[in-house]
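**Q** A single structure is presented below for examination.
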Amino acid sequence: MEMGFDEKFALLRSIAEECICEDELRVLLKKKPNPICYVWLTYELDYKGNICGSRHGDPDLHELDVRYWMNPNQVYQSGVKDNKINLADAKAICLMECPMPAADGLNFVCDYPEGDIRLSVDDWIDRDYDYFEFLTPDMRNSSLQLQGPCYPVIFPSVNVYWSCQFIARASNVSLKHWQQMGGINIDENILIDKTIHKAINSKSSVLKRYVADIGKSWPVLIVCGGLLPLFLSVIWLLLIRYFVAAMPWITVVLFNALVISVTMFFYIKAGWLGNDPLTVVIGESDPYVHITGREISHLHAATVVMTVVMIIAFLSSIAIIRRILIATPVLKVAAKVIGEVQALIIFPVVPYFILAIFYMFWFSATLHLFSSGQVLRNDCNTDCCSYDLKLGKVNCDNCCGYSIHYTPHIGIAILFHLFGCYWATQFFIACSSTVIAGSVASYYWARGEISHDIPFVTVVSSLKRLLRYSLGSVAIGSLVVSAVEWVRFILECLRRKLKLFDSARESCFGKMTSSSSQCCLGCIDWTLKSVNRNAYIMEFSWAVGKVLELGQY
């Protein structure tokens, strides 16, 4: 029996509720989706399992994208060692912005309006989430016991990556009003700050934010990471063709200028130069409040690395002046080849666009994998009670919060996905190098006798030989390089894990062994890459020479 429209719509909606993003519902209903789905990677969950900022939450949270923990005592207790309470199980709701204590009174943040609270979500927002005056005596007594539905705003907070970071500096005025009302004692300790800070800066949270940044910054990546390098590469080849004598010096000067510019940019964003540093706080905040994050530490480390790279690049440029003089005649020969085989200027665009298309699909799949999972209630063993507006009483069941749970095969799929990306990249680069080597070898063995009537004949012939004879060699070579890189990555992860578990007892011999193994694997990787690249060139050069000797060109 054929389903009607209502049944189809209900089916689509039930399917969409199992998906990760609201964009997938739009696709099913043939509406225009957002460019990239990263809502789970950016925003957090409330105590009901809703995604902050989602239109399909209960209630509608499309304007409420900041997570706020309502009970400060739960936050404090979750940071106490050997305590059963976890921060993921502490009661949190989604707000538009982080609340601040009142200057001359006491503010409250109340639960989503429902049950006997006859307010719409918009009215609740307009009242700054405070409907304490509408509470019944039972509700007020429950709130004074920090069981809801309203909780006092005692600590100031700032928006750090879409979560309200408490500042362990309680408002004396608000705390005094709370005590005068008969509220229970509220723990004042720096631990309330450190607990949230630790959760926000966990490795998994940082990784999610990095992946989400890729989804949000795709226009910048396309322009600065794709189109601009392609344009500059073509310009560089044309300059080699017509200004070959000056190009080595121009390249060295521009390279050093670029490295210095990038290093200065890192210094500015790290806050070591100028007044425009990056901050983990979203929106306006107290200038005297200083909050750091793991990303800021990564930025500082990258700045130090860029400083070392800049120094090495500058010193290397001075050291290779004689080699530049030797390389100039070689570049003149290369310019002559480019002039004769002009298709070499256009050909690199082909593998470039192939890689661009591949990366578009790869990044899309990456976002999908990292945002895959199920919102499930945590398995906890905590004693907590909170007022349930729907039931109209204090409920001590269902205290556990919600988290996004990933199945084991998702982790394996992500690892295979990363390995496949590196292998495919090495494969396409190897194919490009091989075709170019074959074109140059054809020109070399033909003593410059290239047909000018068919400008692409050498490149097309080289591409045919690659597809017919050398594709397997290129695939195996790129696989070997990728495998070595993957082994290095796995060993580095194991080394870091072992260092965390046994950092106190790590001996000098262990450190020396670890460093030596990393150095050896790095040398092997560099050697394999160099041998691979030269092997592609030698294989094609030898093959083209044999073909021409047999008169089969």
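Numbering (my numbering), first residue to last: 1 to 553. Cβ coordinates follow ideal geometry from the N, Cα and C atoms, glycine included. As the structure is a prediction and not an experimental result, all values here were calculated from the model.
1. Between which residues of its own chain and I524 is the CB-CB distance below 7 Å, once the five residues before and five after are set aside?
2. How is L418 classed by DSSP in three states: helix, strand or coil?
3. Quick check: what's the CA-CA separation for Y387 versus D128?
4. Which partner residues does L376 have in the DSSP bridge list?
5. Where DSSP assigns a beta bridge to C150, which residues make up the other side?
6. Cβ of I250 within 9 Å of Cβ of L239?
7. Ends of the alpha helix (DSSP H) at A335?
8. Flag this pair as touching only if the segment 404 to 423 and the segment 374 to 382 have three or more C-beta atom pairs under 8 Å; answer yes or no.
9. How many Å lie between A257 and S317 at the Cα?
10. Am I right that L64 and C94 are in contact with their C-beta atoms under 8 Å? What's the rounded C-beta distance?
11. Given a threshold of 16 other Cβ atoms within 10 Å of its Cβ, counted over all protein chains shown, does A103 qualify as buried or as exposed?
12. For a test of the three-state rule: what should DSSP assign to Q145, helix, strand or coil?
13. Please determine, among C421, V459, Q342, L418, the residue with the shortest C-alpha to C-alpha distance to I436.
14. Taking 9 Å as the threshold (C-beta atoms), are L389 and D558 in contact?
15. If you run the structure through DSSP and keep just helix, strand and coil, what is V609?
16. Could you give the distance in angstroms between the alpha-carbon of R465 and the alpha-carbon of L367?
17. Using the beta-carbon count (16 or more within 10 Å), is R209 buried or exposed?
18. From L391, E133, T382, A365, pick the residue whose C-alpha is nearest to that of L415; which is it?
19. According to the neighbour-count rule (16 or more other Cβ atoms, all chains shown, within 10 Å of its Cβ), is K30 buried or exposed?
20. How about P152 and Y131: do their beta carbons lie closer than 9 Å?
21. Among residues of its own chain, excluding the 5 on either side of I192, which ones have a beta-carbon nearer than 8 Å to its beta-carbon?
22. For the beta strand (DSSP E) that A92 lies in, which residues bound it at each end?
23. Since K198 is in the beta strand (DSSP E), which residue starts that stretch and which ends it?
24. Note down the Cα distance separating I117 from V109, rounded to an integer number of angstroms.
25. Could you tell me if M70 is buried or exposed, where buried requires 16 or more neighbouring beta carbons within 10 angstroms of its beta carbon?
26. Less than 9 Å separating the beta-carbons of F358 and F428?
27. Distance check for Y43 and V330, CA to CA, integer angstroms please.
28. Skipping 5 residues on each side, what residues in its chain have a beta carbon closer than 7 Å to that of W486?
29. Nearest to N159 by CA position, among P351, L207, Y68, C380, is which residue?
30. Opposite L45 in the DSSP bridges: which residues?
31. My guess is that Q426 and S482 are in contact by the Cβ rule of under 8 Å, so how many angstroms apart are they, rounded?
32. Buried or exposed for H298, please, with buried defined as at least 16 other CB atoms from any protein chain shown within 10 angstroms of its CB.
33. Among Q145, D89, H62, whose alpha-carbon lies nearest the alpha-carbon of C400?
34. For L135, count neighbouring C-beta atoms within 10 Å of its own C-beta (all shown protein chains included) and say buried if the count is 16 or more, exposed if not.
35. Could you tell me the boundaries of the beta strand (DSSP E) in which D388 lies?
36. Tell me whether K32 sits in a helix, a strand or coil according to DSSP, three-state version.
**A** Let's see:
1. Position 524 of the sequence shown, counting from 1, holds the residue named residue 524. Contacts found: V484.
2. Along the sequence shown, read from residue 1 onward, the residue named residue 418 stands at position 418. Taken through DSSP and simplified to helix, strand or coil, L418 comes out as helix.
3. Residue numbering aside, residue 387 sits at position 387 when the sequence shown is read from its first letter. Residue numbering aside, residue 128 sits at position 128 when the sequence shown is read from its first letter. Spanning the two alpha carbons is a distance of roughly 20 Å.
4. Start at 1 with the first residue of the sequence shown, and residue 376 comes out as number 376. S403.
5. Position 150 of the sequence shown, counting from 1, holds the residue named residue 150. Answer is C110.
6. If you number the sequence shown from 1, residue 250 lands on position 250. If you number the sequence shown from 1, residue 239 lands on position 239. Yes, Cβ-Cβ distance for I250 and L239 is below 9 Å.
7. Walking along the sequence shown from the start, residue 335 turns up at place 335. Its alpha helix (DSSP H) spans residues 321 to 340.
8. yes
9. As a first step, residue 257 is located in the sequence shown; it is residue number 257 there, counting from the start. As a first step, residue 317 is located in the sequence shown; it is residue number 317 there, counting from the start. For A257 and S317, the distance between alpha carbons rounds to 12 Å.
10. Taking the sequence shown and counting its residues from 1, the one referred to as residue 64 is at position 64. Taking the sequence shown and counting its residues from 1, the one referred to as residue 94 is at position 94. Indeed, because the Cβ distance is near 4 Å, the residues count as touching under 8 Å.
11. Counted from its first residue, the sequence shown places residue 103 at position 103. Exposed, by the Cβ-count rule.
12. Within the sequence shown, residue 145 is the residue found at index 145, counting from 1. Coil at Q145, not helix or strand.
13. Looking up residue 436 in the sequence shown gives position 436. Ranking C421, V459, Q342, L418 by Cα distance to I436 puts V459 first.
14. The shown model of the chain, from 1 to 553, leaves out residue 558, and the question about it has no answer.
15. Examination of residue 609 is not possible in this model, given that the chain is present from 1 through 553 alone.
16. The residue given as residue 465 occupies position 465 in the sequence shown. The residue given as residue 367 occupies position 367 in the sequence shown. The straight-line gap from Cα to Cα measures roughly 37 Å.
17. For the purposes of this step, residue 209 is taken as the residue at position 209 of the sequence shown. When all chains shown are included, R209 counts as buried.
18. In the sequence shown, the residue the question calls residue 415 occupies position 415. For the residues L391, E133, T382, A365, the minimum Cα distance to L415 belongs to A365.
19. Position 30 of the sequence shown, counting from 1, holds the residue named residue 30. Note that K30 scores 34 on pLDDT, short of 50, meaning its location in the model is unreliable; the coordinates nonetheless yield the value given after this. Label assigned to K30: exposed.
20. In the sequence shown, counting from the first residue as 1, residue 152 sits at position 152. In the sequence shown, counting from the first residue as 1, residue 131 sits at position 131. No, these two residues do not count as a Cβ contact at 9 Å.
21. Looking up residue 192 in the sequence shown gives position 192. Cβ neighbours of I192 beyond the five flanking positions: P72, V75, Y76, G79, F155, F166, A168.
22. Here residue 92 corresponds to residue number 92 of the sequence shown, with the count starting at 1. Looking at the DSSP string, the run of the beta strand (DSSP E) that includes A92 is 92 to 95.
23. The sequence position of residue 198 within the sequence shown is 198, counting from 1. Per DSSP, K198 lies in no beta strand (DSSP E); the unbroken alpha helix (DSSP H) holding it starts and ends at 191 to 200.
24. Here residue 117 corresponds to residue number 117 of the sequence shown, with the count starting at 1. Here residue 109 corresponds to residue number 109 of the sequence shown, with the count starting at 1. Approximately 14 Å, taken between the alpha carbons.
25. Position 70 of the sequence shown holds residue 70. Result: buried.
26. The sequence position of residue 358 within the sequence shown is 358, counting from 1. The sequence position of residue 428 within the sequence shown is 428, counting from 1. Yes, they are a contact pair.
27. As a first step, residue 330 is located in the sequence shown; it is residue number 330 there, counting from the start. As a first step, residue 43 is located in the sequence shown; it is residue number 43 there, counting from the start. Each residue's CA atom was taken as its position, placing V330 and Y43 some 55 Å apart.
28. Within the sequence shown, numbered from 1, the residue matching residue 486 stands at position 486. Same-chain partners within the cutoff: F419.
29. Looking up residue 159 in the sequence shown gives position 159. Among P351, L207, Y68, C380, the Cα nearest to that of N159 is on Y68.
30. For the purposes of this step, residue 45 is identified with residue 45 of the sequence shown, where counting begins at 1. For L45, which the question treats as bridged, DSSP gives the partners I51.
31. Within the sequence shown, residue 426 is the residue found at index 426, counting from 1. Within the sequence shown, residue 482 is the residue found at index 482, counting from 1. Right, the Cβ-Cβ distance comes to about 6 Å (below 8 Å), so this counts as a contact.
32. The count along the sequence shown starts at 1 and reaches residue 298 at position 298. Burial call: exposed.
33. If you number the sequence shown from 1, residue 400 lands on position 400. The shortest C-alpha separation from C400 is found at D89.
34. On the sequence shown, residue 135 is found 135 positions in, with the first residue counted as 1. L135 should be labelled buried.
35. As a first step, residue 388 must be located in the sequence shown, where it is residue number 388. Taken as a continuous stretch (DSSP letters only), the beta strand (DSSP E) holding D388 covers 386 to 388.
36. Here residue 32 refers to the residue found at position 32 of the sequence shown. Note on K32: pLDDT 34, under 50, position unreliable in the model; the coordinate value appears next. Residue state, collapsed to three classes: coil.
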